[in-house]
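*Asks:*
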Amino acid sequence: MKLSKAFILVASLLVPAMAQAASSSDNIDNELKQKISDMLGVEVSTIQPSPISGLQQVLTDRGVLYITEDGSKLIHGNVYDLNNRMKNLTEAALAGPRIEMLKPLEKDMLVYKAKNEKHVVTVFTDVDCGYCRKLHNQMAEYNDLGITVRYLAYPRAGIPSANADEMQAVWCAKDPLQAMTDAKAGKNIKAASCDIDIAKQYRLGMSFGINGTPAIILEDGSMIPGYQPPENLLQAIESK
């Protein structure tokens, strides 16, 4: 198909203009990333348009933020869609990235595998958390429903802390699964060291927007904060 000279001329003028606009947009994004990083001490992964006109959505290692296009105002909080049954759009924005961010730590997870596995959830846990202990005591029930549970550490006392050291001892034990059961039963776990990085797990939890335990990450990357009884968790998974 032959192209008219006029079309070719217009295209030749548009391409450089589009490239310049893209370059300008990249520069603005980089400036915003640096500004947010410097002022808040966070690592910025991406900046993209938000569901709200005039605001940019910022994905950081501490969760999602929103910033005006001129970089002068910052909002921290959830955005809900009133026309879609109060859907949490901030939570939805984190779902996809969570799946990818979990992959590098899969080798460090403590896995309680269901024999007839149908679903896999990742739980950020703390050995001193009452509801974490309740969840753990029902592990056989989750497994019987076909739910495999994978643990990552989220010491609520932060890093460094005695709480984090206790979780390090669990992950570094000869039998980590039994050590987890013992720790959640209130038993002392012998201090141990290994190349497991509890701080890395904790930081990942913070980037997911976790501020309490247990926090349950479903297969689609969505998060359920807090304890869920086995049947309720299965229902939540299968409603997706």
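Under mature numbering (1 follows the signal peptide of the UniProt record, and there is no 0), residues -21 to -1, 1 to 219 are what the sequence shown spells out, in order. Just so it is clear, CB atoms sit at the ideal spot from N, CA and C, and this is done for glycine as well.
Rounded to the nearest angstrom, what separates V149 and P76 at their Cα positions?
*Replies:* For V149 and P76, the distance between alpha carbons rounds to 28 Å.
*Asks:* Check whether the Cβ atoms of V43 and Q36 sit closer than 8 Å, and answer yes or no.
*Replies:* Going by C-beta atoms, V43 is nearer than 8 Å to Q36.
*Asks:* Decide if H55 is buried, meaning its Cβ has at least 16 other Cβ atoms within 10 Å, or exposed.
*Replies:* Exposed: under 16 other Cβ atoms inside 10 Å.
*Asks:* Between which two residues does the beta strand (DSSP E) holding S24 run?
*Replies:* Residues V23 to P28.
*Asks:* May I have a chain-ordered list of the beta strand (DSSP E) segments no shorter than 3 residues that lie completely inside the region 74 to 148?
*Replies:* DSSP runs (the beta strand (DSSP E)) wholly in the region 74 to 148: 89 to 91, 98 to 104 and 126 to 132.
*Asks:* Can you say whether M146 is buried or exposed, counting buried as having 16 or more other CB atoms within 10 angstroms of its CB?
*Replies:* Buried, by the Cβ-count rule.
*Asks:* With DSSP as the reference, label N67 as helix, strand or coil.
*Replies:* In the structure shown, N67 sits in a strand (DSSP, three-state: E or B).
*Asks:* Measure the alpha-carbon distance for L61 versus K52 and round it to whole angstroms.
*Replies:* Their backbone Cα atoms lie some 23 Å apart in a straight line.
*Asks:* Output the distance between the C-alpha atoms of A71 and K94, rounded to the nearest integer angstrom.
*Replies:* Computed Cα separation, rounded: 31 Å.
*Asks:* Helix, strand or coil: how does DSSP classify L11 here?
*Replies:* Looking at L11 - three-state DSSP - the assignment turns out to be helix.
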